[in-house]
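A.B. asks: My numbering applies: residue 90 is where the sequence shown begins, and numbers increase by one.
We put the CB at the ideal spot given by N, CA and C, even for glycine.
Only a predicted model underlies this, so the values are computations on that prediction, with no experimental measurement involved.
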Amino acid sequence: MGIKHVESISVSKRFWNVITNGLLIFGIRNRLALIGLDITPYYWVQEEIEECQEPVIKGDPNEYIFRYLNFDEVILIANKVPNRFGRNLINGFKNGQLCIGLEHNNNIAAYMFIELNDFTFNHRTFKLKNNEAYLLNMWTFHSYRGKNLAPYLRYQSYQLLKEQGRHIKYSITDYFNKSSIKFKNKLNSKHLKLFISIELFKKLQWNFVLKKFT
Numbered sequence: 090m091g092i093k094h095v096e097s098i099s100v101s102k103r104f105w106n107v108i109t110n111g112l113l114i115f116g117i118r119n120r121l122a123l124i125g126l127d128i129t130p131y132y133w134v135q136e137e138i139e140e141c142q143e144p145v146i147k148g149d150p151n152e153y154i155f156r157y158l159n160f161d162e163v164i165l166i167a168n169k170v171p172n173r174f175g176r177n178l179i180n181g182f183k184n185g186q187l188c189i190g191l192e193h194n195n196n197i198a199a200y201m202f203i204e205l206n207d208f209t210f211n212h213r214t215f216k217l218k219n220n221e222a223y224l225l226n227m228w229t230f231h232s233y234r235g236k237n238l239a240p241y242l243r244y245q246s247y248q249l250l251k252e253q254g255r256h257i258k259y260s261i262t263d264y265f266n267k268s269s270i271k272f273k274n275k276l277n278s279k280h281l282k283l284f285i286s287i288e289l290f291k292k293l294q295w296n297f298v299l300k301k302f303t
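Following this line, the structure appears as structure tokens:
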């Protein structure tokens with residue numbers, strides 16, 4: 090039986106979480122993008138460069154079920170996030186992305202998406218080989234924060250992909266998203282490149298490589 094409900098959060102609580110998680114600059118940048126000034130520095134990341142240990146959930150791990158989420162559940166999730174982001178989730182699923190998550194007491198506690206095909210991010214195309222995958226849109230609902238669910242779910246995605254013969258996992262991390270950088274570091278991830286994309290009023294776009302990491 091699919092999930093019938095996902096957690097809602099007030100605007101004030103969402104703003105407070107942005108501040109407490111060190112995402113204020115990240116949030117300001119997103120607001121500027123809404124008025125046509127989109128400047129996005131981001132890392133191209135390879136995850137689990139070296140095999141990592143399974144993260145431990147804080148609490149009883151037996152209360153959580155790792156599984157695929159279906160289209161109706163993606164719709165529920167999309168209805169709880171800003172419209173543009175929600176549309177991206179739905180379109181990604183329709184175009185073949187996988188959605189996996191952790192279920193707790195008939196609630197979705199955390200979710201993420203997996204892309205197996207070539208994709209475009211901020212007007213730059215990334216090509217994937219048959220043994221590669223791109224991980225995106227990780228989210229832990231607010232009442233489940235602090236339980237180490239993001240690293241645990243990410244680790245489970247690695248095991249799922251290994252069974253499919255996909256041993257190389259990539260992701261993109263916004264330069265200002267310190268919480269995302271922190272949880273990926275727990276999983277032996279490595280920055281490969283630092284990009285910056287600039288878009289003005291959805292008409293002019295530039296992409297540059299700022300740094301390559303060795």
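Straight-line CA distance for Val-311 to Ile-261?
C.D. replies: Nothing can be reported for residue 311, as the shown portion of the chain is limited to 90 through 303.
A.B. asks: On the criterion of 16 or more Cβ atoms from any shown chain inside 10 Å, does His-193 qualify as buried, or is it exposed?
C.D. replies: Position 104 of the sequence shown, counted from the first residue, corresponds to residue 193. It counts as buried.
A.B. asks: State the Cα-Cα distance for the pair Arg-176 and Gly-148, rounded to the nearest angstrom.
C.D. replies: Sequence index remark: in the sequence shown, residue 176 carries index 87 (1-based). Sequence index remark: in the sequence shown, residue 148 carries index 59 (1-based). Approximately 33 Å between the Cα atoms of the pair.
A.B. asks: For Val-134, write down the residues that DSSP places opposite it in a beta bridge.
C.D. replies: The residue you call residue 134 lines up with position 45 of the sequence shown. In DSSP, Val-134 forms a bridge with Ser-260, His-280.
A.B. asks: Leu-187 and Val-59 - do their beta-carbons sit closer together than 8 Å?
C.D. replies: No information on residue 59 is available, as it lies outside the stretch 90 to 303 that the chain covers here.
A.B. asks: Is it right to say Gln-245 is buried, meaning 16 or more other beta carbons lie within 10 angstroms of its own, or is it exposed?
C.D. replies: Indexing the sequence shown from 1 puts residue 245 at position 156. Gln-245 should be labelled buried.
A.B. asks: Quick check on this structure: which residue in Asn-220, Asn-226, Glu-140 has the alpha carbon closest to the alpha carbon of Lys-279?
C.D. replies: Along the sequence shown, one-based indexing puts residue 279 at 190. Taking only the C-alpha atoms, the option nearest Lys-279 is Glu-140.
A.B. asks: For Leu-289, I'd like the list of residues in its chain whose CB is within less than 7 Å of its CB, leaving aside the five on either flank, ordered along the chain.
C.D. replies: The residue labelled residue 289 in the question sits at position 200 within the sequence shown. Correct list, in chain order: Gly-125, Leu-126.
A.B. asks: With distances taken from CA atoms, which of Ser-286, Pro-240, Phe-284 is nearest Lys-273?
C.D. replies: Reading the sequence shown from its first residue, position 184 is the one you call residue 273. Residue Pro-240 is the option with its Cα nearest to Lys-273.
A.B. asks: Determine, using beta carbons only, whether Arg-156 and Ile-189 come nearer to each other than 8 Å.
C.D. replies: For the purposes of this step, residue 156 is taken as the residue at position 67 of the sequence shown. For the purposes of this step, residue 189 is taken as the residue at position 100 of the sequence shown. In this structure, Ile-189 lies closer than 8 Å to Arg-156 by Cβ.
A.B. asks: With DSSP as the reference, please indicate the residues paired to Leu-126 in a beta bridge.
C.D. replies: Counting from one through the sequence shown, the residue named residue 126 turns up at place 37. Looking at the DSSP assignment, Leu-126 forms a beta bridge with Leu-289.
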